[in-house]
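Each step along the sequence shown adds one to the number in the working numbering, with nothing skipped, and position 5 is 677.
Built from N, CA and C at the ideal position, the CB exists for glycine as well.
Nothing here was measured: the structure is a model prediction, and the numbers come from that model.
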Amino acid sequence: MKYLIRLLQWIFVAFVLVLIVEFPHGVVQPQMADIVQPIHAFSWTEYFHNLGNLGHGILTLSLGKTLDNGYAIAPIVVQTSWKSIELIAIALIFVIFGGVAKGIYDGLHGHSGRKGAVASSLLQWFAESVPDFFVIVTLETIYFAIEIHYQIQFSFIGSGMFVPGTLIPAMTLALVPTMYMARAVRTNVEDQYGQMYLVTAQAKGLRFWQVLMRHLIPNCLPAVRMAVLPVLAMIFSGLIMVEYLYYQHGLLFGLFSAMGNTGEMPQYSQPFFHHGVISAQFNTYDANLVLGYLVASFVVFMAYYLLMYFILRVFGYKRVHNPYASTLRDDSIGSRAASLWVGVGMLAVLLLSAAFRNHLPIPSPNAMDSLHISQGGDVMSAPAFPPSFRHLLGTDEFGRDMLSRALSDTLPTFLYVGGLTVAVLAVSTGLAVLSSVAKWRFVRAFINGWNACFSLIPGVVGALLILEIPSVYWLGVHMEPDGGSYWSYARMLVILFVVGLIECGKVAYTIQYVLDDAQEKSYIEAAVISGNTGWTQFLLHLWRPLIESVSEQFFVGFNRIIILIAVIGYFQITLRPAWIPVQGGFSLINLSNDWGGLFSETARQYFSSPWVLMAPALLVAWTVFSMNLILQAVRLKLRSVPNRRRKDVSSLAFRWLARPRRNIMAPSVPGSSGHRH
């Protein structure tokens, strides 16, 4: 039954994905691009025609030919797949060997206080917090600095050499999954280390390496097996930005190209009046090619998953878990306080710098630095200017300081992301409580299907497939008399709704899992036997794990949402864009003043001036890193038992429920009713 439900979830995901992919993107004709079309050209006839073509392709086992040049789709997809297969293979090697080795080291020495253990923990926090695009932009900026100062010619963008074109992108791709694997293995090692069977093995004279190879590593294989699926999901999610920013033509690069994305300009041009109708030029959206890349990505994903499972079986993996209980450890209050204060301090520095940016010794975000002349007067340079003492993170193509622009967009970004995170948590918590506590089965089925849909599809792919539908993209557009245009707040609400929709299923599923796990404890059975009502059980036994899970999911969800908004901004999906007249032409700007809009504007200059992405990427990485530090402290606090030596201070809910029960269950003593005889 479990496998049947899982199969139905996969079928549901495939059905939803097909409906989204085949949604008509204008009246696209073969071998024609940039066609002028009405912006609201949806037709049910065209929709059913697309679905009919798909059905014919399934029956004939053919995806047809591309729309732009008429080539067969299958050979193009297969040829493009090899680059992604190569990157994933090298990344998995780093993940397996590096992650397992680091996890074993952290499990054995993580609480020793050694310099190596401290450095390993700092590396864990840093690598888990730094987005892939920040690493790539940093490497490209360093390359430009080396090229300018030392005239050394090499590049990571579009390189065909092995080291800069394959090894470096694969290492970038493996960074976060390696840390995830290390954390999973560390938890498993900490559960085993100090158990009696290891003490007995050492007492028999076995050396440390023998104990490691015969006992610790084999018992870590279940943890590795459980981490394989999340690791592959992380790799495929990271593959999106790695292939695009390194300009490596793989599966995800081909997917977004088939969707009409160039990374430099929007999929749709500036709207204008054509025969009295608001129209625009549409880049070619090839639905069959998009579907071909999605199918190829799924095949590669499953092939690597089965390969990893086979390798683990060869090394002796069995479908059993560690039967030993975790070794109890003292709570490291000092480490908790350090991570909390460092995280809060970093966040405070960012927010205060944004609030008082006008008082900082940096240029105004709107000041334009038009021309630089060397000291000898023989060299003149125009923007964009690279990082310097005058512009710490460089300028854009108009000479505007990028650090100042990023700081000016900080507070609106936190407002949008924070409000959306709270809304997602509120909806997810309500659904999880109805599913797990109230036992509403249809809500549970809804949450499981929702989570399956947006967990198997990378968030960026799902967001772009929905938000680039013409009916969604052009929602709220208004034309100005001067030929310009802008979008109303309806577009902002739609984009935030779609982003929240993607995250809500994951959060609701996580909270539901926590509540289900709490209800399987033995004390819940005792509470039922003692006659506690469902509401009483919820307040006494489920309230704490619910608050713990919601607290953790706030920081996790905030980080995921802010990264997702930044990434879709790179693909020219912003909250409130506008086309304004500039020097005889029109320029696309962002009216919402957030980091996603800044990513959108600077993405068009990335391949010529990669440092323009450094400022927003740095602030996103700074935010995620500080949030993860606070999350680490919150986890340690919530999962530790306070030592109440002076008096028993129970929660308000416990005292409120326990007081009347104490009166009811108290023995009847003569004269205790207050009446005097």
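Ignore the nearest five residues each way along the sequence and tell me which others in L904's own chain have a CB closer than 7 Å to its CB.
For this step, residue 904 is matched to residue 232 along the sequence shown. Excluding residues within five positions, the ones whose Cβ falls inside 7 Å are F973, Y976, Y977.
Per DSSP, which residues does T1067 bridge with? Please list them.
Taking the first residue of the sequence shown as position 1, residue 1067 is located at position 395. Paired residues: D1073.
Starting from F805, trace the alpha helix (DSSP H) in both directions and tell me its first and last residue.
As a working mapping, residue 805 is identified with position 133 in the sequence shown. Judged by DSSP secondary structure, F805 falls within the alpha helix (DSSP H) whose first and last residues are 804-822.
Limits of the alpha helix (DSSP H) - the one that F954 falls within:
The count along the sequence shown starts at 1 and reaches residue 954 at position 282. From DSSP, F954 is part of no alpha helix (DSSP H) but of the beta strand (DSSP E) over 949-954.
Output yes or no for whether 8 Å exceeds the beta carbon distance between I711 and A1026.
For the purposes of this step, residue 711 is identified with residue 39 of the sequence shown, where counting begins at 1. For the purposes of this step, residue 1026 is identified with residue 354 of the sequence shown, where counting begins at 1. Not closer than 8 Å, so no.
Since I believe T717 is in contact with D958 (beta carbons under 8 Å), could you give me their beta-carbon distance rounded to a whole number of angstroms?
Counting from 1 along the sequence shown, the entry for residue 958 is found at position 286. Counting from 1 along the sequence shown, the entry for residue 717 is found at position 45. In fact, because the Cβ distance is near 20 Å, the residues do not count as touching under 8 Å.
With three or more C-beta pairs closer than 8 Å as the rule, is the region 1240-1258 touching the region 1296-1305?
no
Taking its Cβ as the centre, do 16 or more other Cβ atoms sit within 10 Å of R872, making it buried, or is it exposed?
Start at 1 with the first residue of the sequence shown, and residue 872 comes out as number 200. It should be pointed out that residue 872 corresponds to Thr in this sequence rather than to Arg. Burial call: exposed.
So for H946, helix, strand or coil by DSSP?
Numbered from its first residue, the sequence shown carries residue 946 at position 274. In this structure, H946 counts as strand in the three-state DSSP scheme.
Does DSSP classify L1043 as helix, strand or coil?
Locating residue 1043 in the sequence shown gives position 371, counting from the first residue. Three-state DSSP puts L1043 in coil, outside helix and strand.
Which value, in whole angstroms, describes the spacing of the CA atoms of L984 and V1099?
Here the question's residue 984 lines up with position 312 in the sequence shown. Here the question's residue 1099 lines up with position 427 in the sequence shown. Going by the C-alpha atoms only, they are around 39 Å apart.
Need the endpoints of the beta strand (DSSP E) that V1149 sits in, please.
To locate residue 1149, count along the sequence shown from 1; it is residue 477. Start and end: 1149-1151.
Quick one: complete alpha helix (DSSP H) runs, 4+ long, within the region 1111-1183?
1113-1128, 1131-1139, 1142-1145
Within 10 angstroms of its Cβ, does I824 collect 16 or more other Cβ (buried), or is it exposed?
What you label residue 824 is simply residue 152 of the sequence shown in a count that begins at 1. With fewer than 16 neighbouring CB atoms inside 10 Å of its own CB, I824 falls in the exposed class.
Closer than 8 Å is the cut-off here; do at least three beta carbon pairs connect the region 1123-1132 with the region 1269-1280?
no
Nearest-angstrom Cα separation, counted from G910 out to H721
The residue you call residue 721 lines up with position 49 of the sequence shown. The residue you call residue 910 lines up with position 238 of the sequence shown. Their Cα atoms are separated by approximately 34 Å.
Taking Cβ positions, are G1229 and V1179 nearer each other than 8 Å?
For the purposes of this step, residue 1229 is taken as residue 557 along the sequence shown, with counting starting at 1. For the purposes of this step, residue 1179 is taken as residue 507 along the sequence shown, with counting starting at 1. Their beta carbons are under 8 Å apart, which means G1229 touches V1179 by this criterion.
According to DSSP, is P710 helix, strand or coil?
As a working mapping, residue 710 is identified with position 38 in the sequence shown. P710: strand per DSSP, three-state reduction.
Going by the beta-carbon positions, is the gap between L1022 and T1082 smaller than 8 Å?
For this step, residue 1022 is matched to residue 350 along the sequence shown. For this step, residue 1082 is matched to residue 410 along the sequence shown. Taking 8 Å as the Cβ cut-off, L1022 and T1082 qualify as a contacting pair.
Please classify N960 as buried or exposed, where buried requires at least 16 neighbouring CB atoms within 10 angstroms.
Looking up residue 960 in the sequence shown gives position 288. The residue in question, N960, is buried, as its Cβ has 16 or more Cβ neighbours within 10 Å.
Helix, strand or coil: how does DSSP classify G771 here?
In the sequence shown, the residue the question calls residue 771 occupies position 99. Residue state for G771 is assigned as helix, using DSSP reduced to three classes.
DSSP state of L735, grouped into three classes?
Residue numbering aside, residue 735 sits at position 63 when the sequence shown is read from its first letter. Reduced to three states, the DSSP call for L735 is coil.
Can you name, in chain order, every residue of its own chain whose Cβ lies under 8 Å from the Cβ of N1123, other than the five neighbours on each side?
By one-based count along the sequence shown, residue 1123 stands at place 451. So the qualifying residues of the chain are G1177, K1178, A1180, Y1181.
Taking 8 Å as the threshold (C-beta atoms), are N1231 and M1299 in contact?
Against the sequence shown, residue 1299 aligns to sequence position 627. Against the sequence shown, residue 1231 aligns to sequence position 559. A contact, by the Cβ cut-off of 8 Å.
On the criterion of 16 or more Cβ atoms from any shown chain inside 10 Å, does S1280 qualify as buried, or is it exposed?
Taking the first residue of the sequence shown as 1, we reach residue 1280 at position 608. Exposed, since its Cβ has fewer than 16 Cβ neighbours within 10 Å.
Measure the C-alpha to C-alpha separation of D863 and R678 and round it to an integer number of angstroms.
Residue 863 sits at position 191 when you count from the first residue of the sequence shown. Residue 678 sits at position 6 when you count from the first residue of the sequence shown. Between the C-alpha atoms of D863 and R678 there is a straight-line separation of about 30 Å.
Helix, strand or coil at V1109 according to DSSP, with G and I counted as helix
Walking along the sequence shown from the start, residue 1109 turns up at place 437. Here V1109 carries a coil assignment [DSSP, helix/strand/coil].
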